[in-house]
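See below for the structure under consideration.
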Amino acid sequence: MYNKVSKDLNFVDREKKVLEFWKNNDVYKKSIAPKADGAPTFTLYDGPPTANGKPHIGHIKTRVIKDVIPRYHAMKGESIVFKAGWDTHGLPVELEVEKALGINGKPQIEGYGVEPFIKKCKESVWTYKDQWEHMSDRVGFWADMENPYVTYDNNYIESEWWALKQMWDQGLIYKGHKIVPYCPRCGTALSSHEVAQGYKTVKERSAVVRFKCVDEDAYFLAWTTTPWTLPSNVALCLNPNDEYSKVKACDGYTYYMATALLDSVLGSLAKDGEKAYEILESYKGTDLAGRSYVALYQGAADEAAKQKKKAHYTVCDEYVTMEDGTGIVHIAPAFGEDDARVGRDNDLPMVQFVDTRGNLTEETPFAGKFVKDADPEVLKDLDSRSLLFSAPKFEHEYPFCWRCDTPLIYFARSTWFIAMSKKRDELLKSNNMVNWMPETIRDGRMGDFLRNVIDWGISRERYWGTPLPVWECECGHRHCIGSIEELKSMSDDCPDDIELHKPYVDNVHIKCPKCGGQMKRVTEVIDCWFDSGSMPFAQYHYPFENKEFFDTHYPCQFISEGIDQTRGWFYSLIAISTVLFGRAPFENCIVMGIVQDKDGIKMSKHLGNVVDPWDVLDSQGADAARWYFYTANQPWLPSRFSKEAVNDGIKKFIGTFWNTYAFYVMYADIDNFDPTKHTLDKASLGAMDRWVLSRLNTLIKVVNEKMDNYDISQSARLIQDFTEELSNWYVRRCRDRYWGAEETQDKVNAYMTLYTVLDNLTRLCAPFVPFMTEEIYQNIVCSVDKEAPISVHLAKYPVADESLIDAKLEEEMELVQQIVTLGHSCRESASIKNRQPLSEIYVVSEIGLDDEYKPIVLDELNIRKIEVMSDASTLVDYSFKPQLRTCGRKFGKNLNDAKEVIANLPGKETYNALKNGSVKITVNGEEYEMTEEDFLIETTQPEGFSTQTSGNLTVSISTVLTEELIEDGLVREMISKIQNHRKETEGLTVSDRIVLKYEGNDKLAEVIEKKKDYLASEVLAVEISKGTGDNSKEWNVNGEKITFSVVKA
RNA sequence: UGGAAAGUAACUCAGCCGGUCAGAGUGCCGUUCUUAUAAAGCGGUGGUCGAGAGUUCGAAUCUCUCCUUUCCAACCA
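Under the numbering used here, the letters of the first sequence match residues 3 to 1051, in that order.
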């Protein structure tokens, strides 16, 4: 009837068969299809991975955390919309191609040709596509991989153009300067991610420079770590609130600088007890603002004049600190983020005397020198003009190009921006719409970022990306194109099949609506984060197609990615959607912690601690890997991954579940038990059955609630706990109910209960471990129920049957388990093993124990009789001592005699009396009334008992062994030995009959003769007799030696 | 360097809207039990709950400082 269940835990092969089954039967498509008219839809967005990098173990985490949610909702009867996607643009792709082609840098790309280059890029992004698809498939990740969105697709790009045009029309896109980390050798800006890879500690000469005041014979002292920026200096910056001083220094000069830093800068001037300086006057920073000084280099003054802007004067800004330098900062707006901002705020000229190769320009005396080589020259020059105060060595972290090791320079480039700072409040509103898990993301990482949001620099001076759809005319007019149709309508030279990439779009010109001239596209492409942030609409080519579909599937219910995406994908999604649609595009988001190695160290190639996903998938299986990520900890915490940890989950849950299932199948097969031919007869169920069904339905109820709240780990852990109890309490306690030959009502109940539990549990954890549950479901449900859906993933998610939940029953069973635990503990401490029967157990509990449960306790503990009471006094005895604090006053000099009287008080009687009030004692003829607080009460254990207490529960077992108990113990012991003997005897199965012979011990022989019938029935012996025979072995039975012979009858 | 998260037994974690234990699992040792189990039960070993202050009658739990790990962000001039 059922398929035989293999007991080995080699899940990998079985999982592969399940994959085949899904494929052959289109199970995925069936699972996400609308179940019924009007059924709700559940929509997810997939954060697109880049297929030009290999998938690693962390990607398994993101895939499986994501996957469990739609699977759950699919089984709840919702239809699922979840399109996979690929992120295909960007610098990393270009770098891969450069490497493959053996070229390096922009000039060489131009030399190679842009068209063939981007063609290579387009191929390169699919380098690891197979691996990605294979991995996604293998872990059971169910997203629509057949029709994924691809960010380089023309339709996708066109939707982005539409979005950009919307922003353009809102006046949010502008061209400005951005200070970018720039590699002068490669001729390109680097992304922050790349910059982060190349920080090194360097020791360089910094400069403290004298800036001569125009109106007096005094100098501002300013410090810089980059002397090569000094020729481009246009201002000095002070902190508005800190104190500055004008001092007469002992080198003869008069200086302005921060009071707090006087000693550290000027201190070294002091000679022979002479003071280094004398404070002439003090000012607040703002008092010194607007003071003009003499430009260090004429070139900068000329350039300022050319730009008709005031320069070379002092300004104030709060970013200046008193930690290093002089408290006065030299400002070169072209070479620093803060400098640029200060420049904008004060309308300073943009002086940039460095060219794109990193060389100083002709406007300076250092023309042609590379910036770092110019440093010493500048210092020398200033020194010769007496403008250099000092040139201290300075150690700091400085970024280098990770490819060519050239020091990066921060460099003003013209850049296109989206004015996100204007949308700050809306962004925060969108952020608040999101149910972030963990919650701290909202006000923490994301909230902080949004409160300080800056304009989004979206342009990149690269080749492989979505082209910025802005055309420029010589007359100065700019036009943003929002669709291919618009482009064609304005252009005479646009090919019909225009591809929206460089260099093709660059060859398309449009007619200037202002002057009729020819407009050319700007050269930039855009940040690929704009690509991924546009996916909610661009994946459907909205608004050009699928308008209605988009409207009904936006926003989505759920997304999930790693925490590193806070400022990446999460931000770009929120940013774009907020501008276009005024809201966040997703409702719930699980932010995942990264996967580390087992020691909590980040996995990285050079450390060699990277776990290959296939290593796990091919040896332990996908369910095991999934279960690890669900149960290890909350998804947002970092996971310390190791194969050993995965193994724990196999032992604890996967193996346990599998075995319980195998147990059911084994016996159901022997008995040819068909659950469809019976119904669960609730009225006749015993305590164990009702208990496990109650536990099951409580679990179902809680898991439904938790999964509705995206609480994956709690759900999984509860399922794991239940499975453990199912196996080690319910099945273990009920095993013998499946053994009998006849089909009694109790046996049917046992089968039906276990079947019901397994069926529900299988469906309950199907979203978590989709492979093993598929196999189990098909074997125990589909094979007998032809009406059942062909796959567990097409079945209904279990809903709790409240009528089966009995809280009191669960509580009482917990009590039973506690009693058993304490009982075992009593045996342990009395050193009486479980096979030795004992006469009596006493249980003291506030909760009564129904008669129904008593046999469970007795059988489990191998005890004859149980007595339950609510008062411990029958179990323990009490002894008393006077509490001297109160008794001292009460008895005075009678105290010593009182002690004796008190020591002899009858324990239980006195204790009970005290609990109800007071007792009277007579000492030396005088009567005293004593209350509880007059005594120190000690409990003593009566002779012949072993007692254990936990909380309000006390269990005591009688340890007295009568002759009869000892004999029964010997019988049990012999049964155990003979069963072992049977097990070791070749060719004997559990149901074979045997002939048993014994020899060699008169005492045991007597016992055997006495209990012959019982013994025979337990070991399935058709004959028991004294003598020797084949297959004999000597056994030690509680110290007595005896030889048994076991032969198949 | 800044921001965020985390720091509880050898390991993985729970507890953390202040007040019975400092807990569970794994590991190790002992022992029991087994006609499903790479099992299970019981006992033992093991932690000044990162360190130090503070608030409080009372803190693993709240506040502050510091240290360590991870992530993110960073030319502080």
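Beta carbons: idealized from backbone N, C-alpha and C, even for Gly.
| Asked | Found |
| --- | --- |
| Anyone know if the C-beta pair for Trp2 and Gly484 falls short of 8 Å? | Examination of residue 2 is not possible in this model, given that the chain is present from 3 through 1051 alone. |
| Within the same chain, show all residues whose beta-carbon is closer than 7 Å to that of Glu280, passing over the 5 residues directly before and after it, in chain order. | Val249 and Lys250 |
| Which residues bound the beta strand (DSSP E) around Met1022? | What sits at residue 1022 in the sequence shown is Leu, not Met. Segment: none, Leu1022 is in no beta strand (DSSP E) and carries neither H nor E. |
| Give me the DSSP bridge partner(s) of Asn590. | Asn437 and Phe560 |
| Considering only the beta carbon of each residue, do Thr468 and Val527 sit closer than 8 Å? | yes |
| Cβ of Asn661 within 8 Å of Cβ of Ser729? | yes |
| Could you say which of Ser579, Glu160, Ile672 and Ser266 lies nearest to Met435 if we only look at CA atoms? | Ser579 |
| Could you name the residues of the same chain whose beta carbon sits closer than 6 Å to that of Leu756, not counting the 5 residues immediately before and after it, in chain order? | Tyr666 |
| If we call anything under 8 Å between Cβ atoms a contact, is His1055 one with Met77? | An answer regarding residue 1055 cannot be provided, because it is not within the stretch 3 to 1051 covered by the chain. |
| Between the segment 948-962 and the segment 821-834, do at least 3 Cβ pairs fall closer than 8 Å? | yes |
| For the beta strand (DSSP E) that contains Val846, what are its first and last residues? | Leu840 to Val846 |
| Kindly indicate the opening and closing residues of the beta strand (DSSP E) around Ile923. | Val921 to Val925 |
| Can you have a look at Val20 and say buried or exposed, based on whether 16 or more other CB atoms are within 10 angstroms of its CB? | buried |
| Does the structure place the segment 247-267 close enough to the segment 319-327 that three or more beta carbon pairs sit under 8 Å? | yes |
| May I ask you to report which of helix, strand or coil DSSP gives Leu851? | coil |
| Where does the unbroken alpha helix (DSSP H) through Ala2 begin, and where does it stop? | A question about residue 2 goes unanswered here, because the residues of the chain that appear run from 3 up to 1051. |
| CB Glu813 to CB Ile868, shorter than 8 Å? | no |
| Return helix, strand or coil for Ala262, following the three-state DSSP convention. | helix |
| How big is the Cα-Cα spacing for Pro155 and Asn590? | The sequence as given places Asp at residue 155; Pro does not occur at that position. Taking the straight line joining both Cα atoms gives about 28 Å. |
| Starting from the Cα of Asp139, find the closest Cα among Val818, His503, Tyr799 and Pro772 and give me that residue. | Pro772 |
| Report yes if the C-beta distance between Tyr176 and Ala336 is below 8 Å; otherwise report no. | no |
| With 16 as the cutoff for other CB atoms within 10 Å, does Leu282 come out buried or exposed? | exposed |
| Keeping to the same chain, check which residues put their C-beta closer than 7 Å to that of Glu574; ignore five residues upstream and five downstream. | The identity of residue 574 in the sequence shown is Ser, whereas the question assumes Glu. Here the set comprises Trp531, Phe532, Ser534 and Gly535. |
| Smallest Cα separation from Met352: which of Ser841, Glu986, Asp671 and Phe413? | Phe413 |
| Please name the residue, chosen from Val786, Met492 and Lys431, that lies closest to Tyr449 on a Cα-to-Cα basis. | Reading the sequence as shown, one finds Gly at residue 449 and not Tyr. Ranking the options by Cα distance to Gly449, first place goes to Lys431. |
| How long is the line joining the alpha carbons of Trp230 and Val373, rounded to whole angstroms? | 6 Å |
| In this structure, what does DSSP give as the bridge partners for Cys828? | Cys828 pairs with nothing; no bridge assigned. |
| Can we say the segment 43-50 touches the segment 555-568, given the rule of at least three CB pairs closer than 8 Å? | yes |
| Taking only the alpha-carbon atoms, compute the straight-line gap between Arg426 and Pro94 and give it to the nearest angstrom. | 30 Å |
| Identify which residue in Lys513, Glu476 and Ile159 has its Cα closest to the Cα of Lys504. | Ile159 |
| Take the Cβ of Glu776 as the centre, count every other Cβ of all protein chains shown within 10 Å, and call the residue buried at 16 or more, exposed below. | buried |
| With 16 as the cutoff for other CB atoms within 10 Å, does Phe143 come out buried or exposed? | buried |
| Threshold first: 4 residues or longer. Then list the alpha helix (DSSP H) segments lying entirely within the segment 87-163, N to C. | 93-103, 108-114, 116-126 and 131-140 |
| With a CB to CB cut of under 8 Å and the five nearest residues on each side skipped, what residues in its chain are close to Lys1042? | It is Glu, not Lys, that sits at residue 1042 in the sequence shown. The answer, listed in chain order, is Leu972, Asn1003, Lys1005 and Leu1006. |
| Looking at the secondary structure, which residues open and close the beta strand (DSSP E) in which His511 lies? | Where His511 is concerned, there is no enclosing beta strand (DSSP E), given that its DSSP letter is neither H nor E. |
| Could you check the C-alpha separation between Val152 and His91 for me, to the nearest Å? | 10 Å |
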